[in-house]
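In the working numbering, the protein residues as written are 115 to 320.
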């Protein structure tokens, strides 16, 4: 007779831990356990790997115990898209005016105002040129930012020259200035020229 003892070694229990849901542009660290050596589908041989896929990807690790037995485990890393952040609204105002800026693309919003506003639309009245930034978050928790520059133009310095005293029956020419080369004028008479001729019969304000 002859005797032969066959030793049956247990398989390692391969496991992977790590964040399996990320946003585009982010990375996640996957850590394998359960064995002595590791071989990932990426070719890496360390227990932990850091990956930043741009699409949903499955990662597999083969775990080898000291006795040479192996086990495999897989994890799916889901890659969620970023929101399409956008801001609409009038980007040019005059001193003293306000404009309403509206953000779109997500389910929550945070503006860089003081204090931070969290509504989709905000009404602002800056006195100098100001850039507004909104952080948009979508349903998957991914974020993106959008910016909107609001230009604040100075008011014209309106001036009227001409005689302020006339005799009954005479006329007077009033000259307006301050609009610049491409500006315009609108008098209380309805006229739109820079100068007007008036002949009031009673004291009149123009």
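Beta carbons: idealized from backbone N, C-alpha and C, even for Gly. If you're wondering where the values come from, they're calculated on a predicted model, not measured in any experiment.
The beta strand (DSSP E) enclosing residue 301, as first and last residue numbers
Where residue 301 is concerned, there is no enclosing beta strand (DSSP E), given that its DSSP letter is neither H nor E.
When DSSP labels each residue in this structure, what does residue 262 get in the three-state scheme?
strand
Residues bridged to residue 166 (per DSSP):
In DSSP, residue 166 forms no bridge with anything.
Euclidean distance between Cα positions of residue 157 and residue 163
10 Å
Going along the chain, which residues of its own chain have a beta-carbon closer than 7 Å to the beta-carbon of residue 167, five neighbours each way excluded?
191, 193
Considering only their Cβ atoms, is the gap separating residue 206 from residue 267 smaller than 8 Å?
yes
Are the CB atoms of residue 312 and residue 277 nearer to each other than 8 Å?
no
Where the beta strand (DSSP E) through residue 193 begins and ends
184-194
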